[in-house]
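Reviewing the structure listed below.
Numbering (our numbering), first residue to last: 381 to 468.
Have a look at this one:
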(Lines of atoms letter the chains of each structure in order from A and count residues from 1; the text may use other names and numbers.)
(Lines give C-alpha, C1' and ligand atoms only; values in the text may rest on other atoms or scores of the structure.)
Protein backbone atom coordinates (compact mmCIF):
# COMPACT_ATOMS: atom_id res chain seq x y z
CA UNK A 1 0.00 0.00 0.00
CA UNK A 2 1.31 3.46 -0.85
CA UNK A 3 1.60 6.48 1.42
CA UNK A 4 -1.07 8.33 -0.58
CA UNK A 5 -3.60 5.68 0.41
CA UNK A 6 -2.60 5.91 4.07
CA UNK A 7 -2.84 9.71 3.93
CA UNK A 8 -6.33 9.52 2.45
CA UNK A 9 -7.33 7.22 5.31
CA UNK A 10 -5.68 9.51 7.87
CA UNK A 11 -7.51 12.51 6.42
CA UNK A 12 -10.82 10.67 6.71
CA UNK A 13 -10.03 9.79 10.32
CA UNK A 14 -9.27 13.45 11.10
CA UNK A 15 -12.65 14.40 9.65
CA UNK A 16 -14.42 11.83 11.81
CA UNK A 17 -15.20 9.64 8.80
CA UNK A 18 -14.49 5.93 8.43
CA UNK A 19 -10.90 5.52 7.26
CA UNK A 20 -11.48 2.24 5.48
CA UNK A 21 -8.42 0.76 7.19
CA UNK A 22 -7.91 -0.76 10.62
CA UNK A 23 -6.74 1.91 13.08
CA UNK A 24 -3.86 -0.30 14.20
CA UNK A 25 -2.59 -0.51 10.62
CA UNK A 26 -2.74 3.28 10.23
CA UNK A 27 -0.95 3.86 13.51
CA UNK A 28 1.78 1.31 12.69
CA UNK A 29 2.40 2.93 9.31
CA UNK A 30 2.66 6.41 10.84
CA UNK A 31 5.08 5.08 13.45
CA UNK A 32 7.33 3.62 10.72
CA UNK A 33 7.00 6.31 8.02
CA UNK A 34 8.60 9.70 8.69
CA UNK A 35 6.91 11.26 5.64
CA UNK A 36 3.43 10.28 6.78
CA UNK A 37 4.25 11.30 10.36
CA UNK A 38 5.18 14.80 9.13
CA UNK A 39 2.13 14.91 6.86
CA UNK A 40 -0.15 13.92 9.75
CA UNK A 41 1.37 16.57 12.05
CA UNK A 42 0.75 19.29 9.42
CA UNK A 43 -2.75 17.97 8.71
CA UNK A 44 -3.60 17.99 12.43
CA UNK A 45 -2.39 21.60 12.70
CA UNK A 46 -4.44 22.67 9.70
CA UNK A 47 -7.48 20.76 10.94
CA UNK A 48 -7.21 22.52 14.30
CA UNK A 49 -6.97 25.95 12.67
CA UNK A 50 -9.92 25.31 10.38
CA UNK A 51 -12.06 24.13 13.29
CA UNK A 52 -11.07 27.18 15.37
CA UNK A 53 -11.92 29.54 12.50
CA UNK A 54 -15.25 27.80 11.91
CA UNK A 55 -16.31 28.22 15.53
CA UNK A 56 -15.33 31.89 15.68
CA UNK A 57 -18.01 32.88 13.19
CA UNK A 58 -18.03 36.08 11.17
CA UNK A 59 -16.64 39.27 12.65
CA UNK A 60 -19.07 41.94 13.87
CA UNK A 61 -17.89 44.21 11.03
CA UNK A 62 -18.68 41.56 8.42
CA UNK A 63 -22.13 40.99 9.92
CA UNK A 64 -22.84 44.73 9.94
CA UNK A 65 -21.83 45.07 6.28
CA UNK A 66 -24.03 42.13 5.32
CA UNK A 67 -27.03 43.51 7.18
CA UNK A 68 -26.49 46.93 5.59
CA UNK A 69 -26.39 45.38 2.12
CA UNK A 70 -29.51 43.34 2.80
CA UNK A 71 -31.25 46.54 3.83
CA UNK A 72 -30.49 48.02 0.40
CA UNK A 73 -32.87 45.55 -1.23
CA UNK A 74 -35.76 47.95 -1.68
CA UNK A 75 -39.29 47.58 -0.35
CA UNK A 76 -39.92 44.51 1.74
CA UNK A 77 -36.28 43.48 1.40
CA UNK A 78 -36.76 42.60 -2.28
CA UNK A 79 -33.86 43.25 -4.59
CA UNK A 80 -34.65 45.99 -7.13
CA UNK A 81 -34.27 43.56 -10.04
CA UNK A 82 -35.98 40.71 -8.22
CA UNK A 83 -39.31 39.15 -9.07
CA UNK A 84 -42.32 41.38 -8.76
CA UNK A 85 -45.83 40.33 -7.90
CA UNK A 86 -48.47 40.68 -10.58
CA UNK A 87 -52.05 41.46 -9.59
CA UNK A 88 -54.86 40.15 -11.75
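C-beta atoms are modelled at their ideal positions from N, C-alpha and C, and glycine is treated no differently.
Predicted, not measured: the structure shown is a model, and the values here were computed from it.
Can you find the residues in the same chain that come closer than 7 Å, C-beta to C-beta, to residue i, ignoring five residues on each side of it along the sequence?
i           : result
residue 420 : 390 and 410
residue 415 : 383
residue 386 : 406, 409 and 416
Cβ atoms of residue j and residue i: under 9 Å apart, would you say?
i           : j           : result
residue 394 : residue 441 : no
residue 438 : residue 426 : no
Span of the alpha helix (DSSP H) holding residue i?
i           : result
residue 407 : 403-412
residue 399 : Note, residue 399: premise wrong, no alpha helix (DSSP H); not H, not E.
residue 382 : No alpha helix (DSSP H) holds residue 382; DSSP gives it neither H nor E.
residue 443 : 440-451
Counting only the same chain and skipping the five closest in sequence on each side, list residues whose C-beta sits under 8 Å from that of residue i.
i           : result
residue 417 : 410 and 411
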